[in-house]
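Notes for the one structure printed next.
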Amino acid sequence: MKLFTNKKKLQKEIKNINNIGFVPTMGSLHKGHENLIKKSVRESKKTIVSIFVNPKQFDNKEDFKNYPKSYKNDIKILKRLRVNYLYKPHYNDVYKFKTKNKIFLDRFSNKLCGQYRKGHFRGVINIVNRLLEITKPKKIFLGNKDFQQLILIKKHIRKNKISTKVIPCKTIRDKNFVAYSSRLKKLKNYEKTNLIKIIKVLKNYKKNLILKKVNHNFFKIKNKLLFLGAKKVDYVEIIDSKTLKKPKKNNTKFNLFFAFYIGKIRLIDNF
Ligand code: AMP
Numbered sequence: 083m084k085l086f087t088n089k090k091k092l093q094k095e096i097k098n099i100n101n102i103g104f105v106p107t108m109g110s111l112h113k114g115h116e117n118l119i120k121k122s123v124r125e126s127k128k129t130i131v132s133i134f135v136n137p138k139q140f141d142n143k144e145d146f147k148n149y150p151k152s153y154k155n156d157i158k159i160l161k162r163l164r165v166n167y168l169y170k171p172h173y174n175d176v177y178k179f180k181t182k183n184k185i186f187l188d189r190f191s192n193k194l195c196g197q198y199r200k201g202h203f204r205g206v207i208n209i210v211n212r213l214l215e216i217t218k219p220k221k222i223f224l225g226n227k228d229f230q231q232l233i234l235i236k237k238h239i240r241k242n243k244i245s246t247k248v249i250p251c252k253t254i255r256d257k258n259f260v261a262y263s264s265r266l267k268k269l270k271n272y273e274k275t276n277l278i279k280i281i282k283v284l285k286n287y288k289k290n291l292i293l294k295k296v297n298h299n300f301f302k303i304k305n306k307l308l309f310l311g312a313k314k315v316d317y318v319e320i321i322d323s324k325t326l327k328k329p330k331k332n333n334t335k336f337n338l339f340f341a342f343y344i345g346k347i348r349l350i351d352n353f
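In our numbering, the protein residues as written are 83 to 353.
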């Protein structure tokens, strides 16, 4: 695997490759990232993984500073998965150039996390657009766990007529149905136990919604999660992932989207 911290050098290396798979990450890699990377390696001639903790998408300085890092282990994983290129830029390398495309933020950005993290999605689209302009991949591999992010990137790509295909990848979970997430490494043991209970309750809640045993009531489910040890609950919502709206009355094809804090760690997921 070749490591690049300089975009010009990376671009020189890849200029004649026409089937590049790209997996953007913030590092601290886990089985969820591995799934995206494996798919890219299978489907592409060469795979580029980027590791960049993007300050512009953090609405909280403390959260940015404390974001978990495990560079040595990341390198091991990337080598094991036979990734061709790692792009690990410094701030100026990605931010000190004028972009061709304009940031397009679809109005779906105002929902879910957009209501609670000011400037977050603008920061995400900004960095992803820059990384796409640098790497010009045929495909970009993104996780369904961050569904809103995936949709907004798709909309930005379409609006700017960028010739990169978005490949959505399934969410990878542990045996307790908890989605792998870099931030989980920061949880204390008792917080992990609480998280497992919370996910179990949410899974059951969704089942009961589908069976129409209960109607969705945010305040009720929120209080349940608070009782189980969540510190704060931003939202629990049901959304049809096709229409991006509340499901019609008899439509049971929806996902439960949620964001809550355990201690200082904010977790999001949907299923
Ligand atoms: P991050 O490093 O958290 O910015 O995530 C980089 C990519 O990995 C994003 O496209 C995420 O949606 C994806 N991802 C994160 N966690 C998981 C997971 N548990 N399963 C599948 N994909 C994931």
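In this text, a Cβ means the ideal position worked out from N, Cα and C, and glycines have one as well.
Name, in chain order, the residues that DSSP records as bridge partners for residue i.
| i | result |
| --- | --- |
| T129 | G103 |
| N337 | I321 |
| V315 | F342 |
| Y169 | F86 and S132 |
| L224 | P250 |
| I350 | A341 |
| R255 | A261 |
| K327 | D322 |
For the candidate residues the options, whose alpha-carbon lies nearest to that of residue i?
| i | options | result |
| --- | --- | --- |
| I102 | L326, S245 and L310 | S245 |
| Y153 | N117, C195 and S264 | S264 |
| S126 | D175, I320 and K247 | K247 |
| E95 | N276, K218, I344 and K268 | K218 |
| N117 | L293, K346, S323 and L163 | L163 |
| N352 | N271, L284, Y149 and V176 | L284 |
| P106 | R204, N271, T275 and I235 | I235 |
| G324 | N226, L266, I350 and K294 | A small correction: the amino acid at residue 324 is Lys; Gly does not occupy that position in the sequence shown. Nearest of N226, L266, I350 and K294 to K324, Cα basis: N226. |
| L269 | H238, D228, K313 and I254 | K313 |
| R255 | K288, V176, H115 and M108 | H115 |
| L293 | E273, F259 and T334 | T334 |
| M108 | R124, K89 and N148 | N148 |
| I239 | K257, K220 and N271 | K220 |
| H112 | Q197, L224, C251 and N155 | N155 |
| I321 | K89, K288, T87 and K143 | K288 |
| F104 | K302, K257, C251 and F229 | C251 |
| L266 | R124, H298 and L349 | L349 |
| G196 | N332, K331 and Y317 | Y317 |
What residues in its chain sit with their C-beta under 7 Å from that of residue i, if we drop five residues either side in the sequence?
| i | result |
| --- | --- |
| L160 | M83, V131 and L168 |
| I99 | K127 and K128 |
| L310 | N276, K279, I280 and V283 |
| D141 | R199, K200, G201 and H202 |
| K182 | E215 |
| E319 | L194 and F339 |
| F259 | I281 and K285 |
Assuming residue i and residue j make a contact with CB atoms under 8 Å, what is their CB distance in whole Å?
| i | j | result |
| --- | --- | --- |
| F186 | N242 | 6 Å |
| P329 | F336 | 4 Å |
| I249 | I222 | 7 Å |
| F146 | K170 | Rounded, the Cβ-Cβ distance is 17 Å, inconsistent with contact. |
| I216 | L92 | 7 Å |
| K368 | V315 | With the chain covering only 83 through 353, there is no way to say anything about residue 368. |
| F342 | L291 | Wrong, their Cβ atoms sit about 18 Å apart, outside the cutoff. |
| S122 | K151 | Not really, about 22 Å apart at Cβ, beyond 8 Å. |
| V165 | I119 | 6 Å |
By Cβ distance below 8 Å, which residues in the same chain neighbour residue i in space, the five residues on each side in sequence not counted?
| i | result |
| --- | --- |
| Y173 | P137 |
| E273 | G311, I344, G345 and I347 |
Which residues in the same chain as residue i place their Cβ atom closer than 6 Å to its Cβ, once the five residues preceding and following it in sequence are excluded?
| i | result |
| --- | --- |
| A261 | K227, T253, R255 and D351 |
| K237 | D188 |
| V176 | R212 |
| V206 | Q139 and Q231 |
| L326 | F190 |
| L85 | L168 |
| K89 | D175 and I216 |
Please check if any C-beta of chain C sits within less than 8 Å of the C-beta of residue i.
| i | result |
| --- | --- |
| I320 | The question asks about chain C, but that chain is absent: this structure has only one protein chain. |
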